[in-house]
Amino acid sequence: MTAPLGKTAAAPAAVRISGARTVRAGRFSVRFRPRAVAAGLLALAAAAAFAVLCIGSGQYAMGFGRVLDALTGHGSPADTFIVRELRLPRACVALAVGAALGLAGAVFQAVVRNPLGSPDLLGFTSGSATGALVAIVYLGGSAGAVATGAAAGGIATGVLVYALAWRRGVHGFRLVLTGIGLTAALTGVNGYLLTRAQLTDAARAVLWQTGSLDGRGWDNVAPLAVAMAVVVPALLLGCGPALRMLEMGDDTASALGVRVERVRLALIGGAVVLTALAAAAAGPVAFVALTAPQLARRATRAPGPNLLPAMAVGAALLTASDWIAQRAFDDHPLPVGVVTGLLGGVYLVAMLAAERRAGRI
Amino acid sequence: MRPAPTAASGVLLAAAVLLSLALGARHLSVGEVWAGLTDPNAAGYAVVHDMRLPRTLLGLLVGLALGVAGAVMQAVTRNPLADPGLLGINAGASAAAVSAMVFFDVRVFAGYVWFAFAGAAVVAVLVYAVGGGRSATPARLALAGAALNAALYSYVQAVMLIDPAALNAARFWGNGTLASADMGTVRKVAPFIAAGLLLALLLARPLNALALGDDAALALGARPVRTRAGAIVAVTLLCGAATAACGPLVFVGLIMPHAVRAVTGPDLRKVLPYCAILTPAALLMADVLGRLAARPSEIQVGIVCSVVGGALFLVLLRRVKAVAA
Chain A
1 MTAPLGKTAA APAAVRISGA RTVRAGRFSV RFRPRAVAAG LLALAAAAAF
51 AVLCIGSGQY AMGFGRVLDA LTGHGSPADT FIVRELRLPR ACVALAVGAA
101 LGLAGAVFQA VVRNPLGSPD LLGFTSGSAT GALVAIVYLG GSAGAVATGA
151 AAGGIATGVL VYALAWRRGV HGFRLVLTGI GLTAALTGVN GYLLTRAQLT
201 DAARAVLWQT GSLDGRGWDN VAPLAVAMAV VVPALLLGCG PALRMLEMGD
251 DTASALGVRV ERVRLALIGG AVVLTALAAA AAGPVAFVAL TAPQLARRAT
301 RAPGPNLLPA MAVGAALLTA SDWIAQRAFD DHPLPVGVVT GLLGGVYLVA
351 MLAAERRAGR I
Chain S
1 MRPAPTAASG VLLAAAVLLS LALGARHLSV GEVWAGLTDP NAAGYAVVHD
51 MRLPRTLLGL LVGLALGVAG AVMQAVTRNP LADPGLLGIN AGASAAAVSA
101 MVFFDVRVFA GYVWFAFAGA AVVAVLVYAV GGGRSATPAR LALAGAALNA
151 ALYSYVQAVM LIDPAALNAA RFWGNGTLAS ADMGTVRKVA PFIAAGLLLA
201 LLLARPLNAL ALGDDAALAL GARPVRTRAG AIVAVTLLCG AATAACGPLV
251 FVGLIMPHAV RAVTGPDLRK VLPYCAILTP AALLMADVLG RLAARPSEIQ
301 VGIVCSVVGG ALFLVLLRRV KAVAA
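Protein sequences appear in the order of chains A and S. Going by full-length UniProt numbering, the residue at position 172 of the first sequence is 172; the numbering climbs one at a time, nothing skipped. Going by full-length UniProt numbering, the residue at position 238 of the second sequence is 238; the numbering climbs one at a time, nothing skipped.
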């Protein structure tokens with residue numbers, strides 16, 4: 001029974017190692033955990049369902065079935081127009097931004113090895129806000145200028161944090177503290193820019209800073225989608241395996257053959273680009289990047305950064321929050337950032353309870 | 001306190017007070033400042049006595065409060081990076097005060113200061129707990145503070161979106177400013193800050209013992225639980241009152257205790273009095289800088305603090321090796 005595994009070994013053999021299964025087909029093998037796959041698929045289904053619900057809600061309300069009919073081309077012309085031209089782009093922005101933030105958060109939390117290490121706490125979204133505010137207050141603030149400003153501000157802040165934290169390599173804790181210091185300084189700058197603005201501009205800037213999906217269209221989702229097409233495969237396939245080892249500490253990872261600094265730079269760079277472009281598309285939506293990876297980890301019960309499930313959970317979180325934001329007060333839709341901000345509060349309290357159970361406080 | 005450093009600190013404080021009274025949209029000479037303080041008929045009376053004097057006094061009180069609160073927090077958390085602004089305590093006070101203004105229509109200081117105390121106290125306990133209690137590392141505590149700051153910030157923004165009038169008031173007050181000071185506010189805030197200062201000074205000796213670890217502190221006759229509770233009360237009084245008076249200020253309570261410790265060493269019985277003298281001087285200098293940087297308009301002191309303080313914080317990070325996770 002020692003026949004070599006070749007293309008003739010058609011029947012996939014399932015091998016069980018510590019809750020993980022391996023499926024082999026010829027030279028290729030995939031190792032997966034059934035629970036993680038199920039959790040990821042469930043989150044994906046939830047994201048799709050909430051996206052459909054979002055498309056159906058609004059002044060011209062439609063049921064679940066009618067939206068699906070319109071999406072598949074079987075609806076009335078009016079329904080099809082409203083769904084495909086007006087509301088589908090917004091739902092796509094929500095899905096893409098949620099997925100991008102979920103992935104960026106998972107990468108950051110793994111790199112700094114802390115469940116609170118997410119890009120919105122480390123200055124990148126504050127930098128995006130600074131860029132957008134400059135565009136609104138000083139440059140007239142067309143939608144394109146605001147998006148460009150946000151992307152440029154976020155990426156510039158990423159470069160600055162990395163450079164300032166560098167000291168014969170970038171360690172997680174130094175990155176965290178540098179980011180927090182810079183966030184506080186940028187918050188001051190943002191506050192100053194707000195006081196320079198006319199009241200109407202200030203209201204617009206505050207709305208932007210909260211994170212909102214109102215009036216988002218295909219031109220908002222395009223840059224993010226292009227970036228994700230490049231960055232997501234690079235992060236998942238290029239850095240994913242190294243990231244798992246990085247979580248065990250720099251020394252262990254480098255003993256296992258990981259070029260620690262190079263991988264870390266690539267990881268941080270990819271995550272910063274995702275965060276900045278997500279902010280350019282929908283504003284700095286708070287706490288999705290912080291909570292999505294944690295929820296994903298709890299749902300899959302798998303070790304490691306859980307990058308793919310985190311993306312799915314991020315998309316589900318953002319679409320669900322948007323649905324709640326639209327439905328909470330009938331006459332007064334909230335920006336989605338208000339709902340995710342409250343979510344962050346709930347998450348912190350849950351963390352508190354977990355710490356208490358662990359007996360640390 | 002040794003005479004030479006005490007005299008130097010006193011001179012610095014006096015210089016800061018004089019600059020704060022003399023400089024601004026209209027610069028005044030020392031003689032004009034004196035006339036403006038004492039002679040109701042002098043040309044500068046309205047500027048110096050009615051505007052710059054309350055502003056300077058408020059700056060003194062708030063600086064004292066934040067410096068002492070920062071030093072106490074750094075001692076009780078045994079964490080060199082603790083700061084009432086960075087750990088979200090000022091944000092908690094300001095979120096509670098904004099709620100009072102918008103939802104309960106409390107527009108007077110004597111009303112919303114109590115909300116600010118409640119907010120500061122809740123966040124002080126929360127950040128200590130989320131940050132991991134006694135097993136907290138500097139990075140962890142700072143992250144817990146950043147997360148609370150972010151949550152409170154999005155809450156304040158949501159409130160501002162609902163109520164445009166609050167947006168207009170809070171976008172100035174929310175940055176931290178001394179410009180709206182009047183003698184009424186100074187008189188109302190002073191007792192709270194005095195009480196907080198007194199409590200902090202009484203805690204100096206037990207907090208010194210706590211620095212050796214709880215077991216050693218117990219052996220020395222200190223009571224760790226009671227001391228920590230007292231420290232939280234003191235920090236709440238100081239930060240709540242300071243934030244209610246002039247909005248949230250960040251980094252003031254972080255940088256100054258470091259500067260002071262570099263001279264005095266770690267003994268809180270020396271650190272606290274020097275912080276109480278030198279932090280007000282630094283805050284007044286920051287305020288003067290904000291007035292000079294954008295004449296004839298001005299930049300709020302909170303913004304100067306966060307930008308200058310942020311730069312100093314980054315320098316500090318590179319110097320302090322002990323912040324290793």
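For glycine and all other residues, C-beta sits at the position ideal for the given N, C-alpha and C.
Taking C-alpha positions only, VAL159(S) is separated from ALA310(A) by approximately 30 angstroms. Among the bridge pairs identified by DSSP, ARG31(A) is matched with THR22(A). Here the alpha carbon of TYR138(A) sits roughly 37 angstroms from the alpha carbon of HIS49(S). Proximity to ASN220(A) across ALA45(A), LEU71(A) and ALA91(A) peaks at ALA91(A), based on C-alpha coordinates. In the three-state scheme derived from DSSP, where H, G and I count as helix and E and B as strand, TRP323(A) is classed as helix. Per the Cβ contact rule, the region 75–89 of chain A is not in contact with the region 319–338 of chain A (fewer than 3 Cβ pairs under 8 angstroms). Listed in chain order, the non-local C-beta contacts of ALA35(S) below 7 angstroms within the same chain comprise ALA42 and GLY44, local neighbours out to five positions each way being set aside.
Taking a contact as a CB-CB distance under 8 angstroms, the pair LEU64(S) and ALA276(S) counts as one, their CB atoms being some 5 angstroms apart.
Using a CB distance cut-off of 8 angstroms, PRO164(S) counts as an interface residue toward chain A. If you compare the alpha carbons of ARG196(A), THR300(A), TYR192(A) and LEU342(A) with that of ILE303(S), the shortest gap goes to TYR192(A).
Looking only at ALA225(A), LEU224(A), ALA227(A) and ARG264(A), the smallest Cα-Cα distance to ALA242(A) is reached by ARG264(A). Using a Cβ distance threshold of 8 angstroms, CYS54(A) and THR319(A) count as a contacting pair. The straight-line gap separating the alpha-carbon atoms of ASP39(S) and ALA152(A) is approximately 55 angstroms. Contact of TYR192(A) with chain S is assigned, a C-beta pair being separated by under 8 angstroms. The alpha carbon of THR195(A) has as its nearest neighbour, out of ASN79(S), SER297(S), ALA110(S) and LEU284(S), the alpha carbon of SER297(S).
Close to GLN209(A), with beta-carbon spacing below 7 angstroms, are these residues of chain S in chain order: GLN157. Within the region 233–256 of chain S, contact with chain A at the beta-carbon level (separation under 8 angstroms) is assigned to VAL250 and PHE251. Take VAL260(S), set aside five residues on each side of it, and the residues of its chain with a beta-carbon closer than 7 angstroms to its own are VAL271, TYR274, CYS275 and LEU278, in chain order. For PHE64(A), the uninterrupted alpha helix (DSSP H) run begins and ends at 64–72, by DSSP.
Contact between VAL123(S) and MET351(A) is ruled out by a C-beta separation of about 15 angstroms, above the 8 angstroms threshold. Residue environment analysis places HIS27(S) among the exposed positions, since fewer than 16 neighbouring C-beta atoms fall within 10 angstroms of its C-beta. Taken atom to atom, the span from the alpha-carbon of LEU61(S) to that of ALA120(S) is near 18 angstroms. The beta carbons of ARG31(A) and ALA20(A) sit closer together than 8 angstroms. Chain-order list of chain A residues neighbouring ALA151(S): GLY341, GLY344, GLY345 and LEU348, by C-beta distance under 7 angstroms. At least one beta carbon of chain A lies nearer than 8 angstroms to the beta carbon of LEU81(S).
Scanning chain S for C-beta atoms nearer than 7 angstroms to the C-beta of THR178(A) yields LEU314 and LEU317, reported in chain order.
Spanning the alpha carbons of LEU116(A) and ALA147(S) requires a straight line of approximately 7 angstroms.
Taking the Cα positions, GLY341(A) is about 21 angstroms away from ARG298(A).
Just so you know, the alpha carbons of ARG301(A) and VAL313(A) end up roughly 14 angstroms apart.
Not one beta carbon of chain S lies nearer than 8 angstroms to the beta carbon of LEU295(A).
At a cut-off of 8 angstroms between beta carbons, PHE108(A) makes no contact with chain S. GLY270(A) sits close to LEU235(A), with the two beta carbons spaced by under 8 angstroms.
For VAL106(S), no alpha helix (DSSP H) encloses it, and the DSSP letter there is neither H nor E. In chain order, VAL260 place their CB closer than 7 angstroms to the CB of ASP250(A), counting only its own chain and leaving out the 5 sequence neighbours on each side. DSSP places PRO138(S) inside the alpha helix (DSSP H), whose first and last residues are 138–162.
Sequence-distant partners of VAL83(A) (beyond 5 residues in either direction) whose C-beta falls short of 8 angstroms from its own C-beta, in its chain, are ILE55, MET62, VAL67, ALA70, LEU71 and GLY75.
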